[in-house]
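Q: So the sequence shown is numbered by UniProt numbering: it starts at 1 and just counts up by one. This is the structure I want to talk about, given as structure tokens.
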Amino acid sequence: MERSHPHRMPAAGLAKSRLATMGVSVVFALVVAGGAKGAFELSGTMMTNVALMGAWLMFTLGLAYAGVRLRPRLGLALLAGFGAGALLVLIFGGMQILN
């Protein structure tokens with residue numbers, strides 16, 4: 001009896017899928033970082049800045065987790081994008097605080 005995997009993809013489809021996954025990660029990282037920057041600009045005092053940025057990061061982390069639960073393959077790209085976006089927020093937010 002011959003075994004076959006139901007989700008076999010040709011090599012070209014796999015490369016296209018990897019590009020799509022990387023694209024989703026990059027776009028979600030930009031959404032995370034851009035939203036945090038927008039929250040920073042909307043607030044007036046230092047504590048409000050931190051609170052709004054934290055709220056935005058928690059919201060986007062929740063979206064990424066929901067993506068993992070609904071579509072595991074896409075969700076992992078969202079979590080990678082969240083991590084990259086959070087790292088951008090930490091780097092550029094730290095620079096903003098030091099100035």
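The C-beta atom is built at its ideal place from N, Cα and C for all residues, glycine as well.
#1: What is the rounded straight-line gap between the Cα of Ala-39 and the Cα of Leu-88?
#2: Are the beta-carbon atoms of Val-32 and Gly-85 separated by less than 8 Å?
#3: Given a threshold of 16 other Cβ atoms within 10 Å of its Cβ, counted over all protein chains shown, does Thr-60 qualify as buried or as exposed?
#4: Can you look up Arg-18 in the DSSP assignment and give me helix, strand or coil?
#5: Give the secondary structure of Ser-43 by DSSP, where H, G and I count as helix, E and B as strand, and everything else as coil.
#6: What separation, rounded to the nearest whole angstrom, lies between the Cα atoms of Arg-69 and Leu-63?
A: On the basis of the supplied data:
#1: Taking the sequence shown and counting its residues from 1, one reaches residue 39 at position 39. Taking the sequence shown and counting its residues from 1, one reaches residue 88 at position 88. Taking the straight line from one Cα to the other gives about 14 Å.
#2: For this step, residue 32 is matched to residue 32 along the sequence shown. For this step, residue 85 is matched to residue 85 along the sequence shown. Yes, they are a contact pair.
#3: By 1-based counting over the sequence shown, the position of residue 60 is 60. Result: buried.
#4: Position 18 of the sequence shown, counting from 1, holds the residue named residue 18. In the structure shown, Arg-18 sits in a helix (DSSP, three-state: H, G or I).
#5: Stepping through the sequence shown from its first residue, residue 43 is reached at position 43. Coil at Ser-43, not helix or strand.
#6: Residue mapping note: residue 69 aligns to position 69 of the sequence shown, counting from 1. Residue mapping note: residue 63 aligns to position 63 of the sequence shown, counting from 1. Each residue's Cα considered, the two are about 10 Å apart.
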